[in-house]
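Written below as structure tokens is the structure these notes are about.
Number of protein chains: 2
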Amino acid sequence: MSNRPQPYHHGNLRPVLVDTAVELARSTGPDGVVLREVARRAGVSHNAAYRHFDDRAALLAEVSDRAYDELERVMRERIATVDEADPVERALARLRETGRAYVEFALSEPGLFATAFTSSAGADAHTGVEELTGPYLVLNTVLDELVACGALSPERRQGADVGCWAMVHGFSELVGTGPLRDVPPEARELLLEAVLDLVHRGLVG
Amino acid sequence: MSNRPQPYHHGNLRPVLVDTAVELARSTGPDGVVLREVARRAGVSHNAAYRHFDDRAALLAEVSDRAYDELERVMRERIATVDEADPVERALARLRETGRAYVEFALSEPGLFATAFTSSAGADAHTGVEELTGPYLVLNTVLDELVACGALSPERRQGADVGCWAMVHGFSELVGTGPLRDVPPEARELLLEAVLDLVHRGLVG
DNA sequence: ATCCGATGTGGACGCCGACAACATCACGGT
DNA sequence: ACCGTGATGTTGTCGGCGTCCACATCGGAT
Numbered sequence: 044m045s046n047r048p049q050p051y052h053h054g055n056l057r058p059v060l061v062d063t064a065v066e067l068a069r070s071t072g073p074d075g076v077v078l079r080e081v082a083r084r085a086g087v088s089h090n091a092a093y094r095h096f097d098d099r100a101a102l103l104a105e106v107s108d109r110a111y112d113e114l115e116r117v118m119r120e121r122i123a124t125v126d127e128a129d130p131v132e133r134a135l136a137r138l139r140e141t142g143r144a145y146v147e148f149a150l151s152e153p154g155l156f157a158t159a160f161t162s163s164a165g166a167d168a169h170t171g172v173e174e175l176t177g178p179y180l181v182l183n184t185v186l187d188e189l190v191a192c193g194a195l196s197p198e199r200r201q202g203a204d205v206g207c208w209a210m211v212h213g214f215s216e217l218v219g220t221g222p223l224r225d226v227p228p229e230a231r232e233l234l235l236e237a238v239l240d241l242v243h244r245g246l247v248g
Numbered sequence: 044m045s046n047r048p049q050p051y052h053h054g055n056l057r058p059v060l061v062d063t064a065v066e067l068a069r070s071t072g073p074d075g076v077v078l079r080e081v082a083r084r085a086g087v088s089h090n091a092a093y094r095h096f097d098d099r100a101a102l103l104a105e106v107s108d109r110a111y112d113e114l115e116r117v118m119r120e121r122i123a124t125v126d127e128a129d130p131v132e133r134a135l136a137r138l139r140e141t142g143r144a145y146v147e148f149a150l151s152e153p154g155l156f157a158t159a160f161t162s163s164a165g166a167d168a169h170t171g172v173e174e175l176t177g178p179y180l181v182l183n184t185v186l187d188e189l190v191a192c193g194a195l196s197p198e199r200r201q202g203a204d205v206g207c208w209a210m211v212h213g214f215s216e217l218v219g220t221g222p223l224r225d226v227p228p229e230a231r232e233l234l235l236e237a238v239l240d241l242v243h244r245g246l247v248g
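Take a look at the structure:
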């Protein structure tokens, strides 16, 4: 029981703060990321975080990035599981799994999902036409595969990315925390399939 | 200049509080609905609201209902403007305007839109299969028109409501306050048309 | 060895939501 | 006519929060 009396300087505080904040966001959502609670859990006094972040919003932005990364990760992992020979069927299946992974993440990690889409301002929003990062990049890659194998005509490729994204995002919001949050799981699954079918027909139908 | 010295009892406080809170939500979103600020603007002391609402969440729920109502209103007003003779074209145009009105409301009233979808719990969520109220009811009505005139097959009617809703809702979130919030208005309009086309093809294509 | 900048602490301020005790007033039963 | 009682509004208070400030500690460059 060596009671080393907590050195004055933590030495590795910043990443610990972010990790702690991520766990807090995971369990209680963005509003649950409370500076004083993060400091408490990190075994550090309130205010310590101010040596590493301008304010609460700065920490939350970092947590948002982490959540975004995790969403991208589960999407990539999921589409990698598609085992299909025919190129067209393969690309279609990968698109479908992309959507499913997105919705499942929203439902299984509601706190992180909400935090991912809670950024204060487009500070790092690239002024260019498109900012291709994270989940949006994954989706675009899959859509390009559909074009490459001839399943999706180039003119329909225009706006298909935003269309797919909007569909799965809206479905996640409505069913996860929105007005349809009380739809039982079985019905929810059927609805998701119907929604994915709708996009399918709209793209390649 | 009769300075009537503010009678001890307001006499009509509750509706005034709700109106004030709605305006606050309109300009600053759900987090801006601060009990003490509402009381201040109503010319009443803090705590007065507690005689009419259990807590902040109760007031916010009422504001959410109001926002929901306003969304329904603009949707109804919009689809009423469709002037089209051919029944099929008319129904299709009404569906499209429904979506446009939804997105335009989200973009022009971001505070109210966010507040509408910020309900604490499904307290009044009907356990039945569907809760047909508000904007969702309007959408279902329009979709039923499509079926009635033969433009939409009954089997595709299944889940079409949630699909349309998810699409316009997701688009609103992404473009209104989400990652695509910095897309310039012209490009945004083109994207909306592409997204509406996608749904169109998915339904009747 | 010394100084200095980076990092962590303790205290304060103003804001908030919520609770409790008190003040005012309209109305109804006697 | 009177009183009292319940609804409504006020003041005071508490704990919690984000943020600013002054101070403490420590490691490394000079």
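Taken in sequence, the protein lines are chains W and U.
Whatever position you read off the first sequence (first residue = 1), add 43 for the working numbering.
Whatever position you read off the second sequence (first residue = 1), add 43 for the working numbering.
Just so it is clear, CB atoms sit at the ideal spot from N, CA and C, and this is done for glycine as well.
Item	Value
How big is the Cα-Cα spacing for residue 188 of chain W and residue 144 of chain W?	18 Å
At which residues does the alpha helix (DSSP H) containing residue 153 of chain W begin and terminate?	153 to 159
Does DSSP classify residue 100 of chain W as helix, strand or coil?	helix
What is the rounded straight-line gap between the Cα of residue 20 of chain W and the Cα of residue 86 of chain W?	This structure does not reach residue 20 of chain W, given that chain W is present from 44 up to 248, and the question cannot be answered.
Could you work out which residue in W/111, W/135 and W/151 is closest to residue 207 of chain W when comparing CA atoms only?	W/135
Since residue 209 of chain W meets chain U, which of its residues come closer than 7 Å, beta carbon to beta carbon?	210, 213, 214, 217 and 238
Kindly say whether residue 49 of chain W, judged by its beta-carbon, lies nearer than 8 Å to any beta-carbon of chain U.	no
If the cut is a Cβ gap below 9 Å, which residues of chain W does residue 69 of chain U touch?	What residue 69 of chain U touches in chain W: nothing, since even the nearest Cβ is about 20 Å away.
Residue 75 of chain W touches chain U at which residues, Cβ-Cβ below 9 Å?	Within 9 Å Cβ-Cβ: nothing; residue 75 of chain W doesn't reach chain U, min ~14 Å.
Under 9 Å Cβ-Cβ, which residues of chain W neighbour residue 245 of chain U?	240, 241, 242, 243, 244, 245, 246 and 248
Just to confirm the assignment, what range does the alpha helix (DSSP H) spanning residue 177 of chain W have?	177 to 191
Against residue 234 of chain U, what residues of chain W qualify as contacts under a CB-to-CB distance less than 7 Å, listed in chain order?	202 and 205
Is the CB of residue 193 of chain U under 8 Å away from at least one CB in chain W?	no
Assuming residue 89 of chain U and residue 82 of chain U make a contact with CB atoms under 8 Å, what is their CB distance in whole Å?	5 Å
Residues of chain W with CB under 9 Å from residue 221 of chain U, in chain order?	160, 162 and 212
Is it the case that the Cβ atoms of residue 246 of chain U and residue 146 of chain U are separated by a distance below 8 Å?	no
Quick one, which of W/119, W/115, W/141 and W/194 has its alpha-carbon nearest residue 155 of chain W's?	W/115
What's the gap between the Cα of residue 106 of chain U and the Cα of residue 228 of chain U?	29 Å
Can you list, in chain order, the residues of its chain with a C-beta nearer than 7 Å to that of residue 175 of chain U? Leave out the 5 residues immediately preceding and following it.	183
Measure the C-alpha to C-alpha separation of residue 225 of chain W and residue 224 of chain U and round it to an integer number of angstroms.	29 Å
Thinking C-alpha only, which one of W/78, W/178 and W/66 is nearest residue 153 of chain W?	W/66
Can you grab the Cα-Cα spacing for the pair residue 108 of chain W / residue 56 of chain U, in whole Å?	44 Å
Please name the residue in W/241, W/213, W/104 and W/124 whose C-alpha comes closest to that of residue 203 of chain U.	W/241
How would you label residue 159 of chain W, buried or exposed, when you count the other beta carbons within 10 angstroms and need 16 or more for buried?	buried
Candidates U/54, U/137, U/129 and U/201: which alpha carbon is nearest residue 119 of chain U's?	U/137
Determine the burial state of residue 222 of chain U: buried for a count of at least 16 other Cβ atoms within 10 Å of its Cβ, exposed for fewer.	buried
Identify, in the order they occur along the chain, each residue of the same chain with its Cβ nearer than 7 Å to the Cβ of residue 190 of chain U, setting aside the five sequence neighbours on each side.	197 and 200
With burial defined as no fewer than 16 other Cβ atoms inside 10 Å of the residue's Cβ, what is the status of residue 123 of chain W: buried or exposed?	exposed
Could you spell out the range, first to last residue, of the alpha helix (DSSP H) harbouring residue 243 of chain W?	228 to 247
What's the C-alpha gap between residue 239 of chain W and residue 103 of chain U?	34 Å
What residues in its chain sit with their C-beta under 7 Å from that of residue 54 of chain W, if we drop five residues either side in the sequence?	none
Let me know the secondary structure DSSP gives residue 127 of chain W once reduced to three states.	coil
Please report the residue range of the alpha helix (DSSP H) in which residue 84 of chain W lies.	78 to 84
Between which residues of its own chain and residue 59 of chain U is the CB-CB distance below 6 Å, once the five residues before and five after are set aside?	85
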